[in-house]
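A.B. asks: Quick one: the structure is below, and I'll ask about it shortly.
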Amino acid sequence: MKDQKRHRYKWSLKAMRTFEVCARRGSFSAAADELRITQGAVSKQIKGLEENLGLALFHRQGNRIDLSVEGTELAEHLFEMFEDLDHLVHRLGPDHATTPLIVSCEPTICLKLLIPLAPTIEEETGIQLKILSGGGAVDFHGHGIDIAIRRNDFDLEPNLHIETIAKEYVGPVMNMDLSFGKGSEPQNHTRIRSASRPDAWLSWNDQTRKDTLTREIEHQHHFLALEAAENGHGIAMMSLYMVARNMENTRLTAPFGFIPDGSKYICISTRPIDNDPRKRAVVDWLTKKFRDYKSYFATEAAG
Numbered sequence: 022m023k024d025q026k027r028h029r030y031k032w033s034l035k036a037m038r039t040f041e042v043c044a045r046r047g048s049f050s051a052a053a054d055e056l057r058i059t060q061g062a063v064s065k066q067i068k069g070l071e072e073n074l075g076l077a078l079f080h081r082q083g084n085r086i087d088l089s090v091e092g093t094e095l096a097e098h099l100f101e102m103f104e105d106l107d108h109l110v111h112r113l114g115p116d117h118a119t120t121p122l123i124v125s126c127e128p129t130i131c132l133k134l135l136i137p138l139a140p141t142i143e144e145e146t147g148i149q150l151k152i153l154s155g156g157g158a159v160d161f162h163g164h165g166i167d168i169a170i171r172r173n174d175f176d177l178e179p180n181l182h183i184e185t186i187a188k189e190y191v192g193p194v195m196n197m198d199l200s201f202g203k204g205s206e207p208q209n210h211t212r213i214r215s216a217s218r219p220d221a222w223l224s225w226n227d228q229t230r231k232d233t234l235t236r237e238i239e240h241q242h243h244f245l246a247l248e249a250a251e252n253g254h255g256i257a258m259m260s261l262y263m264v265a266r267n268m269e270n271t272r273l274t275a276p277f278g279f280i281p282d283g284s285k286y287i288c289i290s291t292r293p294i295d296n297d298p299r300k301r302a303v304v305d306w307l308t309k310k311f312r313d314y315k316s317y318f319a320t321e322a323a324g
């Protein structure tokens with residue numbers, strides 16, 4: 022029976038997996054990164070698969086690859102097949118409730134929200150968390166990530182499962198010890214910018230026309246700009262959700278309130294969130310927490 026099966030199939034599972042990653046990522050180099058092999062090894066796998074099937078799975082134009090009609094149909098079936106296989110392995114594996122949920126989130130979310138709240142999340146959901154810091158595109162397979170929390174400010178692969186957690190609200194925040202009283206008008210304070218969100222102040226001012234600050238400093242990362250504001254170095258443009266805890270303990274104030282900036286916080290997963298009770302529980306918890314923060318600061322957040 023084994024010999025018969027060996028001769029029946031014209032392809033290997035390894036080659037099919039390589040093709041699935043190439044089709045999903047849109048390039049041999051990206052597939053090589055995900056599979057942790059060389060680009061030459063990827064090309065060899067695809068060439069062998071095409072020869073065995075007698076099909077051209079890609080149209081090649083220089084360094085660019087586009088799926089052929091046959092390649093598109095095969096990729097669609099493979100996406101579903103590997104999704105089903107992954108779901109089966111998860112179902113047959115250890116109890117989800119005892120397996121840590123690996124969550125990737127942006128550094129500021131890690132520092133100001135997820136890590137401080139992790140004990141509460143774990144206690145109330147019964148789900149153990151493993152938190153990784155990262156921004157932008159998510160390497161789910163390379164780091165074993167279950168879900169990623171991001172702002173939707175970058176391109177997302179079309180096959181990902183995405184759920185909105187909350188609309189983003191932003192506003193200038195400052196240390197409570199700073200004042201806009203006599204002799205300390207807004208223009209006498211320092212605008213704190215972050216290189217990771219270079220247009221945040223400009224976008225806010227386009228809506229409010231309230232930026233009269235004349236001095237400015239810039240930090241490389243968003244969380245560094247927030248740290249500077251917390252320590253009284255000036256006024257930083259921040260997300261309501263990232264400063265809510267420090268506003269509750271009166272460490273920070275938002276003199277102009279918060280307004281929506283058009284972006285959202287989202288949860289990203291390679292598989293449907295509802296397929297994994299751990300994901301569902303944590304996403305629901307975060308969605309409620311973001312909503313509670315929004316409601317708590319309803320007088321500050323417009324819209």
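To convert a position in the sequence shown, counted from 1, into this note's numbering, add 21. Where a beta carbon is used, it is the ideal one built from N, C-alpha and C, also for glycine.
Can you tell me which residues form a DSSP beta bridge with Ala-53?
C.D. replies: Looking at the DSSP assignment, Ala-53 forms no beta bridge with any residue, so it has no partner.
A.B. asks: In three-state DSSP terms, what is Pro-193?
C.D. replies: Three-state result, Pro-193: strand.
A.B. asks: Please classify Ser-205 as buried or exposed, where buried requires at least 16 neighbouring CB atoms within 10 angstroms.
C.D. replies: With a pLDDT of 47 at Ser-205, under the threshold of 50, the modelled position of this residue cannot be trusted, and the question is left open.
A.B. asks: Which same chain residues, not among the five before or five after Ala-221, have their C-beta less than 8 Å away from its C-beta?
C.D. replies: Around Ala-221, the same chain offers Val-191, Arg-214, Ser-215, Met-258, Asp-282 as residues with beta carbons nearer than 8 Å, after the five sequence neighbours per side are excluded.
A.B. asks: Do you know offhand how far Ser-260's Cα is from Glu-189's?
C.D. replies: 7 Å
A.B. asks: Assuming contact is defined by CB atoms lying nearer than 8 Å, are Leu-153 and Thr-291 in contact in what I supplied?
C.D. replies: no
A.B. asks: Measuring alpha carbon to alpha carbon, tell me which of Tyr-317, Phe-311, Asp-297, Trp-306 ends up nearest Val-110.
C.D. replies: Asp-297
A.B. asks: Excluding five sequence neighbours on each side, which residues of the same chain lie with their C-beta closer than 7 Å to the C-beta of Glu-237?
C.D. replies: Excluding five sequence positions before and after Glu-237, the CB atoms of its chain that fall closer than 7 Å to its own CB belong to Thr-211, Arg-212, Arg-214, given in chain order.
A.B. asks: Can you confirm whether the segment 91–99 touches the segment 36–51 when touching is taken to mean that 3 or more C-beta pairs between the two stretches lie within less than 8 Å?
C.D. replies: yes
A.B. asks: Enumerate in chain order the residues of its own chain whose CB-to-CB distance from Ala-169 is below 6 Å, with the five nearest sequence positions on each side excluded.
C.D. replies: Ser-125, Val-159, Ile-289
A.B. asks: From the DSSP output, in three-state form, read off Gly-155 for me.
C.D. replies: coil
A.B. asks: Assuming Val-194 contacts Ile-256 (C-beta within less than 8 Å), just tell me the rounded distance between them.
C.D. replies: 7 Å
A.B. asks: Mapping DSSP to helix, strand and coil, what is Leu-88?
C.D. replies: strand
A.B. asks: In the structure shown, what three-state DSSP assignment does Arg-292 receive?
C.D. replies: coil
A.B. asks: What did DSSP end up calling Leu-76 once you bin it into helix, strand or coil?
C.D. replies: In this structure, Leu-76 counts as coil in the three-state DSSP scheme.
A.B. asks: Could you give the uninterrupted runs of the beta strand (DSSP E) lying entirely in the segment 236–296, keeping only those of 3 residues or more?
C.D. replies: 236–240, 256–260, 280–290
A.B. asks: For Phe-244, which residues of its own chain have a beta-carbon under 6 Å away from its beta-carbon, when the five flanking residues on both sides are left out?
C.D. replies: Pro-128, Thr-129, Leu-132
A.B. asks: So the candidates are Asp-232, Ser-50, Ser-33, Tyr-314; which of them puts its Cα closest to the Cα of Glu-72?
C.D. replies: Ser-33
A.B. asks: Please state whether DSSP places His-182 in a helix, a strand or coil.
C.D. replies: strand
A.B. asks: For a test of the three-state rule: what should DSSP assign to Lys-188, helix, strand or coil?
C.D. replies: strand
A.B. asks: Please determine, among Ala-62, Ser-48, Leu-99, the residue with the shortest C-alpha to C-alpha distance to Gly-83.
C.D. replies: Ser-48
A.B. asks: For Tyr-286 versus Phe-318, is the C-beta distance shorter than 8 Å?
C.D. replies: no
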